[in-house]
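Trainee: Here it is, the structure, as structure tokens.
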Amino acid sequence: MNQYYIENFLLLCLVFLLILNIQCKSKKTSNSREQIISFLINQSLTNSTDSCTSFASSEAICVSSQTEILRTCSDTEKSRLKKSIEPIEKQTNEVLDKFFDCWKKCNLIFNSQESICLESKFTKLESYRDAQKSGQSLASKNWILCTNTCNQAEAEETKTLGAIFKGWAY
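Heads up, the sequence shown is in my numbering, so the first residue is -13 and it goes up one at a time.
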């Protein structure tokens, strides 16, 4: 229960910072920022139990083509991802859900800092994911750091799992 309050506090802090940052940007970026803030508020209010859908929704904020995102939560894709979890006995839906929760926060960090997300959208999910992994922008560097923290079980969501995620999820 304590982790729930910490996560919601951090989420509210992020929303507060985003709102403050909106005041400093032009009207052109307000629509994308409003989408990010709306997503954050809806997630904190609904406390969604479907971690994969929530993760996919965090990607959808910055991607105009939604058809690719539907594949993210397919059974085939989840099975593929579980194979990257070690040790083997931790390759469960429950453990994968914790990684999705953590990766979602990394996406939201990227989305709030990446200029393409703030000004328009990526045309394809593949372009979005390539930009995240590029290391060429501050948003990308922060996403990489966040994702590595999740994958190495050093993040709040993953540190009690007794599992790590090998490689990149996507």
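Where a beta carbon is used, it is the ideal one built from N, C-alpha and C, also for glycine.
Got a sec, what are the start and stop residues for the alpha helix (DSSP H) R66 sits in?
Mentor: Along the sequence shown, read from residue 1 onward, the residue named residue 66 stands at position 80. R66 -> alpha helix (DSSP H) spans D61 to K68.
Trainee: Taking the C-alpha atoms as reference points, what is the distance between D83 and E105?
Mentor: The residue you call residue 83 lines up with position 97 of the sequence shown. The residue you call residue 105 lines up with position 119 of the sequence shown. D83 and E105: Cα-Cα distance of roughly 30 Å.
Trainee: I believe K119 touches W154 by the beta-carbon criterion, under 8 Å. Please report the beta-carbon distance rounded to the nearest angstrom.
Mentor: One-based indexing of the sequence shown puts residue 119 at position 133. One-based indexing of the sequence shown puts residue 154 at position 168. 7 Å between Cβ atoms; contact.
Trainee: Do you know offhand how far C59's Cα is from T133's?
Mentor: One-based indexing of the sequence shown puts residue 59 at position 73. One-based indexing of the sequence shown puts residue 133 at position 147. Distance between the alpha carbons of C59 and T133: 18 Å.
Trainee: Assuming contact is defined by CB atoms lying nearer than 8 Å, are S126 and L94 in contact in what I supplied?
Mentor: Counted from its first residue, the sequence shown places residue 126 at position 140. Counted from its first residue, the sequence shown places residue 94 at position 108. Against a cut-off of 8 Å, the Cβ pair of L94 and S126 comes out as no contact.
Trainee: Can you grab the Cα-Cα spacing for the pair E100 / L124, in whole Å?
Mentor: For the purposes of this step, residue 100 is taken as residue 114 along the sequence shown, with counting starting at 1. For the purposes of this step, residue 124 is taken as residue 138 along the sequence shown, with counting starting at 1. The alpha-carbon atoms of E100 and L124 are separated by roughly 8 Å.
Trainee: Over the uninterrupted alpha helix (DSSP H) stretch that includes I74, give me the two end residues.
Mentor: Within the sequence shown, the letter at position 88 stands for residue 74. I74 -> no alpha helix (DSSP H), and no H or E assigned at all.
Trainee: Assuming I130 contacts N97 (C-beta within less than 8 Å), just tell me the rounded distance between them.
Mentor: The residue labelled residue 130 in the question sits at position 144 within the sequence shown. The residue labelled residue 97 in the question sits at position 111 within the sequence shown. Rounded, the Cβ-Cβ distance is 15 Å, inconsistent with contact.
Trainee: Can you tell me which of the three DSSP states I150 falls into?
Mentor: If you number the sequence shown from 1, residue 150 lands on position 164. In the structure shown, I150 sits in a strand (DSSP, three-state: E or B).
Trainee: Would you give the residue range spanned by the alpha helix (DSSP H) that E140 belongs to?
Mentor: For the purposes of this step, residue 140 is taken as the residue at position 154 of the sequence shown. Here E140 belongs to no alpha helix (DSSP H), and DSSP marks it neither H nor E.
Trainee: If you follow the alpha helix (DSSP H) that I102 is part of, which residue opens it and which one closes it?
Mentor: In the sequence shown, counting from the first residue as 1, residue 102 sits at position 116. Element bounds for I102: S101 to E105.
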